[in-house]
Every structure is written in structure tokens, then in C-alpha cells.
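Numbering (numbering that gives the first Met the number 0), first residue to last: 0 to 553. Each residue gets a CB set at the ideal place from its N, CA and C atoms; glycine is no exception. Only a predicted model underlies this, so the values are computations on that prediction, with no experimental measurement involved. Here the structure is laid out as C-alpha cells; the discussion comes afterwards.
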Amino acid sequence: MRPLDPRLLRHAHAARGYVALTGGLGVATAGLAVAQAFLLGGVISAVVAGASTAEQTRSLAWLAAVVVARAAVVWAQERYGERAAVAVVADLRHQVTARAVALGPAYLDAATRTSVTTLVTDGLEALRPYLSRYLPQLVMTALVTPALLLAVLTQDLISAATIAVTIPLVPAFMALVGWMTQATAARRLVTMQRLGSQVLDLLAGLPTLVALGRERGPAARVRELGEAHRQATTATLRTAFLSALVLELLTTLSVALVAVGVGLRLLSGHLDLRTALVVLILAPEVYLPLRQVGAQFHASTDGLAAADAAFAVLDRAVPGTGSQSAPDLSHATIEVHGVRVDHPGRRHPAPHDGSLTLRPGTVTALVGSSGCGKSTLAEVVLGLRSPDAGAVTVVSADGTRTALADVERRSWLAQCAWLGQQPLVVPGTLRENVALFGRLDDAQLAAAADRAGLAEVVARLPDGWQTRLGAGGVGLSAGQRQRLALARVLASPAQLVVLDEPSAHLDADTERYVQDAVAELRAEGRTVLVVAHRPALVAEADQVVDLSALPQVA
0 MRPLDPRLLR HAHAARGYVA LTGGLGVATA GLAVAQAFLL GGVISAVVAG ASTAEQTRSL
60 AWLAAVVVAR AAVVWAQERY GERAAVAVVA DLRHQVTARA VALGPAYLDA ATRTSVTTLV
120 TDGLEALRPY LSRYLPQLVM TALVTPALLL AVLTQDLISA ATIAVTIPLV PAFMALVGWM
180 TQATAARRLV TMQRLGSQVL DLLAGLPTLV ALGRERGPAA RVRELGEAHR QATTATLRTA
240 FLSALVLELL TTLSVALVAV GVGLRLLSGH LDLRTALVVL ILAPEVYLPL RQVGAQFHAS
300 TDGLAAADAA FAVLDRAVPG TGSQSAPDLS HATIEVHGVR VDHPGRRHPA PHDGSLTLRP
360 GTVTALVGSS GCGKSTLAEV VLGLRSPDAG AVTVVSADGT RTALADVERR SWLAQCAWLG
420 QQPLVVPGTL RENVALFGRL DDAQLAAAAD RAGLAEVVAR LPDGWQTRLG AGGVGLSAGQ
480 RQRLALARVL ASPAQLVVLD EPSAHLDADT ERYVQDAVAE LRAEGRTVLV VAHRPALVAE
540 ADQVVDLSAL PQVA
């Protein structure tokens with residue numbers, strides 16, 4: 000666990016200026032602390048020597064100015080620290096979200112999607128105290144402590160040597176504590192992500208669970224995860240507070256050691272009062288940044304764990320995309336040749352040698368046993384996953400051949416539609432969800448709803464098209480969500496339509512609407528690729544590709 004991860008400066012541009020500003024304020028703090036020590040030591044020693052207070056008016060005025068300046072520096076640090084923390088967290092949230100979207104469905108499965116959601120909300124929020132409180136003190140320690148130690152060295156070699164010997168004990172102890180708390184903080188983040196996943200699942204399925212009388216089991220599981228999260232948080236805070244206590248003890252003893260040495264030499268006449276006072280004033284200032292680092296250490300543990308999780312997403316390579324505009328798919332043929340996709344932890348690729356040809360106005364069904372690579376091949380055709388071998392080629396009406404790897408992704412996906420087993424439903428109205436591909440007038444909306452069997456669902460809803468839906472389709476049954484997605488596909492201008500087991504877990508009526516929708520898409524001249532298990536849907540296909548029949552390798 001690095002106190003300041005270089006990746007933070009690389010990914011969050013706002014952090015660079017903030018660290019530079021903190022460094023400048025640190026230099027100012029060091030200069031003001033030295034000036035305050037010399038002024039205060041000079042005034043007190045002069046008064047003890049018999050000088051009148053009036054004679055020290057100028058020095059006292061300068062001392063007051065230095066105190067005000069130090070207060071202004073502290074105010075600036077806190078003010079801009081909070082602003083920078085908000086900016087950095089917002090920047091990282093945007094980058095993590097954008098990278099997760101760019102990685103595509105191959106990365107964003109159900110579990111990962113929930114983890115990323117938790118990370119960009121509660122997870123990265125832990126970076127704010129790290130940036131606004133811990134990081135400034137860390138920079139101050141790197142700049143102010145050496146500068147003040149040098150100032151002590153110019154006044155008293157023995158005191159400087161005492162401080163120099165005791166200072167390394169503090170970072171050594173902090174490194175030990177950091178090593179101990181790293182695993183605890185990471186475990187707390189994982190527990191929080193699991194808790195978020197369980198809560199989201201429970202909220203999405205709560206109506207069904209209540210109807211079946213099974214709501215107690217998931218609720219108990221959420222309570223268990225909440226208790227685990229509480230214990231992990233308590234363990235992290237306990238370690239952090241104990242470390243701060245020990246750090247305070249170390250620094251207090253170190254300052255006391257310097258004070259004893261200065262006092263003995265002052266009594267013996269080997270040190271003058273002004274020098275002794277300057278050293279005694281500067282000694283606590285030398286240790287102050289270290290003490291503040293210890294006091295704010297608990298703010299860093301959760302923040303660094305969240306940053307590590309964010310960088311794990313940002314460091315993932317995005318599948319390459321070309322620069323050529325996608326050909327018009329309404330008159331293009333898509334050829335898939337020898338596609339192989341390897342999967343970490345699996346002995347066999349899936350698919351191993353996928354080959355097929357997709358033409359406008361035809362339906363192609365991918366069949367085969369579970370795990371043979373049907374959905375993976377569909378993702379390759381959509382350009383959402385890069386194959387480890389083989390290629391996808393688009394043949395235009397004039398015979399021009401273009402590799403999918405050379406096609407610019409946005410122009411390609413603009414002509415594609417994908418309907419999976421769990422259709423995307425975003426928070427908003429029913430109308431907004433159907434019109435995700437673009438604005439629809441009432442006639443287009445009604446036509447798509449009739450063809451998908453959604454019209455009867457809308458008629459039963461109290462607010463009709465203005466019915467508000469929750470994330471994941473809360474408020475609709477599985478069959479109703481599938482009809483909504485079908486209406487969206489039918490209303491879209493997409494030429495290439497990929498349906499990934501669209502009739503799985505559906506009743507007979509909804510399955511019939513899926514079959515009718517596939518037939519209508521073919522009649523409209525669209526290119527349709529269906530991942531299918533049910534015989535009724537396979538029967539709609541013009542060609543059937545059985546991936547289970549492909550040769551397997553050891």
C-alpha cells in the first residue's frame with residue numbers, strides 16, 4: 000500500500016495541481032514556522048534579559064503577522080483540499096464508468112456490474128478524506144519536516160542529531176501499521192461490494208419474494224453482510240486509532256528527550272536562552288506533520304483500497320477499434336471465419352472454430368450445449384469481444400471486404416441491437432425505455448408495442464406509458480421486461496439484431512411474441528442472429544449452426 004500511488008496522479012488530473020499547491024503551501028508553512036520560532040524566541044529572551052515590551056513592538060507586530068499568515072495557509076489548505084477532493088473523486092468516477100462501458104458486456108457481467116456500481120458510489124467516496132486530510136499532511140511531512148530539521152541544525156547540533164535519530168522510528172512504525180491494515184481495508188471494500196450486490200438483488204426481487212413468502216432468508220443474509228461490514232470497519236478503525244496513540248507517544252517522548260537535553264545544557268551554561276527557546280519551539284513543529292499523518296492515517300486505508308480497485312478497472316486494456324466507418328449493413332454480408340476465444344481457467348476455448356455467414360433478411364440460430372461459446376460468438380459478431388484467433392469480415396454490396404477489427408466501434412454499434420436474457424431497463428418511464436434508440440412518435444410507439452405484445456401490458460398499468468420503472472425493471476415481471484425489450488428492438492433502426500436466448504424462462508404466450516418478432520425482423524430485411532435452446536425458436540431459423548459439433552482441443 001503506497002501512501003501516494005503514482006497512478007492517482009496519472010489518472011486524476013486534478014490531483015496533480017492539488018499536490019503542487021500543497022507543496023507550495025508546505026514550503027510557506029516551513030518558512031513561517033521558522034520565522035515564528037525565531038521571533039518568539041528573540042522576544043522572550045530579550046524580555047528575560049531586561050528589555051521593555053515597548054522595545055519589542057516591531058518584533059511583536061511581525062510575530063502577529065506570521066501567526067495570521069499561518070492561519071491563512073491552513074485555511075487555504077482546507078478550502079482547496081475539499082474542492083480538489085471532490086474534483087478528483089468525480090474525475091475517477093467518470094473514468095471508471097467510461098472504462099467499464101468501453102470494456103463492454105464481456106467484462107460487465109452481473110457480479111462485476113454491481114461491484115463497479117458500489118465502487119463508483121460508496122467506494123470512491125472514501126477517497127475524499129484521504130485527499131483532503133491525509134495527503135496534505137503527507138506532503139507536509141516530506142517538505143516541512145526536513146526544512147525545520149535543517150533550521151534546528153543551524154542552531155544546535157546535538158538537538159538536531161537527537162531529532163534525526165528518533166524521526167525514522169515514526170515512518171518505520173507507520174509502514175508496519177500500513178502493512179497490517181492493508182488486508183483489512185481491502186476486505187472491508189469487498190464486504191461493502193457484496194453487501195451492495197445483495198441489497199440491489201433483494202430490492203429487485205422483493206415483490207416476488209414477498210409473494211412467495213421467502214423474504215426472510217435474503218433479509219437475514221443482508222443482515223449478516225451488514226454485520227461483517229461493521230466488524231471490518233471497526234477492525235480498521237481500531238488499528239488506526241491504536242497506531243495514532245502509539246505515534247503520539249513516540250513523538251511526545253522524542254520532544255521530551257530534546258527538551259531534557261536543552262534544559263541540562265542551558266543550566267550548565269553551554270546554551271544561551273534564545274537558542275534554547277528556538278530549538279524548543281521548533282522541535283514540536285518538526286514532529287507535527289508526522290503526528291498529523293498518524294492522526295489521519297485511518298482516512299487513508301479505505302481510500303487507498305478504493306483507489307486500488309478503481310485502478311484495477313482503469314488498467315484493463317480496452318478492445319481495439321479501427322478507424323473506418325462501418326459499411327451499410329442493410330446490403331452487407333457478415334462472414335465469421337475460424338473464431339476462437341480462450342477463457343482464463345478453462346481448458347478448452349469456447350468457441351474453438353466458429354464459422355458462419357450472416358445475410359440480410361435471414362435468421363441464423365446458434366445452438367449447442369451450455370458453455371460451448373454461443374453467447375461469446377455473438378459478442379464477437381457485435382464487436383464487443385476480440386477473438387484470440389479467426390476474424391469477422393463485412394462484405395459490402397459492391398464486394399468490398401472490411402475486417403471488423405478495422406471498423407470504428409461507434410459507427411458499427413449504431414447499426415446493431417442486442418437483446419439478452421436479462422434486458423436492460425433503466426430508471427425512467429416505460430416510454431423512455433422503449434425509445435432508448437431514439438425519439439418515437441405515438442404511432443411508432445403503438446406499432447412496436449402491438450407487435451411485441453406490450454400494448455396489453457401498457458393497458459393494465461395505471462399510468463400507461465408514463466409508468467415509472469426502477470433499475471433492472473423493478474415494477475415489471477420477467478415476461479413484461481422481455482416484451483418491452485422486443486418492442487425496443489422492433490422500433491429501432493438497427494440492421495444487425497442479436498438475440499441471446501430471448502425466450503429463456505418465458506411462458507408460452509411471451510415465447511410466441513418472441514417468435515413473431517423474429518419473423519417480422521426477417522421480413523423487414525434485417526440480419527438476425529439468435530442464440531437459441533427452444534425448438535420453436537430454432538424452427539424459425541434459415542440456418543442452424545451447432546457449436547457443440549465443432550472439434551475440441553485438449
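Taking Pro350 as reference, the option from Pro359, Arg358, Ser368, Glu334 with the minimal CA-CA separation is Ser368. Counting only residues of its own chain and dropping the five nearest sequence neighbours on each side, Ala484 has a CB closer than 6 Å to the CB of Leu418, Pro422.
By the Cβ-count criterion, Asp405 is exposed, with fewer than 16 other Cβ atoms from all chains shown falling within 10 Å of its own Cβ. Within the DSSP bridge table, the entry for Val544 names Leu365 as partners. Collapsing the DSSP output to three states places Ile333 in a strand.
Excluding its 5 nearest sequence neighbours in each direction, Leu265 has C-beta neighbours in its own chain below 6 Å: Ala275, listed in chain order. Nearest to Ala493 by alpha-carbon distance, out of Ala445, Arg408, Gln414, Gly22, is Gln414. Under the three-state reduction of DSSP, Gly524 is assigned to coil, being neither helix nor strand. Annotation note: the stretch 367–407 contains the following uninterrupted beta strand (DSSP E) runs of length 3 or greater, listed N- to C-terminal: 388–394, 400–402. The C-beta separation of Glu334 from Thr361 comes to about 13 Å, leaving the pair out of contact by the 8 Å criterion. The beta carbons of Ala325 and Trp411 sit closer together than 8 Å. Only exposed fits Asp314, as fewer than 16 other CB atoms lie within 10 angstroms of its CB.
With a contact defined as Cβ atoms closer than 8 Å, Leu536 and Ser502 qualify at about 5 Å. Looking only at Leu20, Leu118, Leu59, the smallest Cα-Cα distance to Arg78 is reached by Leu20.
Ranked by how close their Cα comes to the Cα of Gly23, the residues Val138, Arg237, His10 have Val138 in first place.
With respect to the C-alpha of Arg408, the residue from Val380, Arg430, Ala434 having the closest C-alpha is Val380. Within 10 angstroms of the beta-carbon of His10 lie 16 or more other beta-carbons, which makes it buried. Note that the stretch 282–296 touches the stretch 138–148; at least 3 beta-carbon pairs, one per stretch, sit closer than 8 Å. Inclusion of Val119 and Arg92 in the CB contact set at 8 Å is warranted, their separation being smaller than that value. Collapsing the DSSP output to three states places Ala416 in a strand. Going by C-alpha positions, Pro135 is about 26 Å away from Ala231. Within the same chain, Gly80, Glu81, Ala84 come within 6 Å of Ser131 by CB-CB distance, once the 5 residues on both sides are set aside.
A contact between stretches requires three or more CB pairs, one per stretch, nearer than 8 Å, and the stretch 159–168 meets this requirement with the stretch 242–261. Shown here, Gly302 sits in a helix according to DSSP, grouped into three states.
By the Cβ-count criterion, Val425 is exposed, with fewer than 16 other Cβ atoms from all chains shown falling within 10 Å of its own Cβ.
In this chain, Ser476 is not harboured by any alpha helix (DSSP H), its DSSP state being neither H nor E. Following the DSSP letters along the chain, one finds Leu156 inside the alpha helix (DSSP H) bounded by residues 156–165. DSSP, reduced to helix, strand and coil, places Leu444 within a helical segment of the structure shown.
For Asp90, the enclosing alpha helix (DSSP H) stretches over residues 56–102. Boundaries of the beta strand (DSSP E) harbouring Ser354: 353–357, taken from the DSSP string. The criterion of a C-beta distance shorter than 8 Å is not satisfied by Ile280 and Ala45. Restricting attention to Gly30, Leu156, Leu403, Pro386, the CA atom closest to the CA of Val394 is found in Leu403. Between Thr399 and Gln542, the beta carbon gap of about 24 Å keeps them out of contact (Cβ cut-off 8 Å).
By DSSP's assignment, Val26 forms no beta bridge with any residue. Secondary structure note for Leu289: its alpha helix (DSSP H) is the uninterrupted segment 272–294. In the structure shown, the three-state DSSP call for Thr428 is strand.
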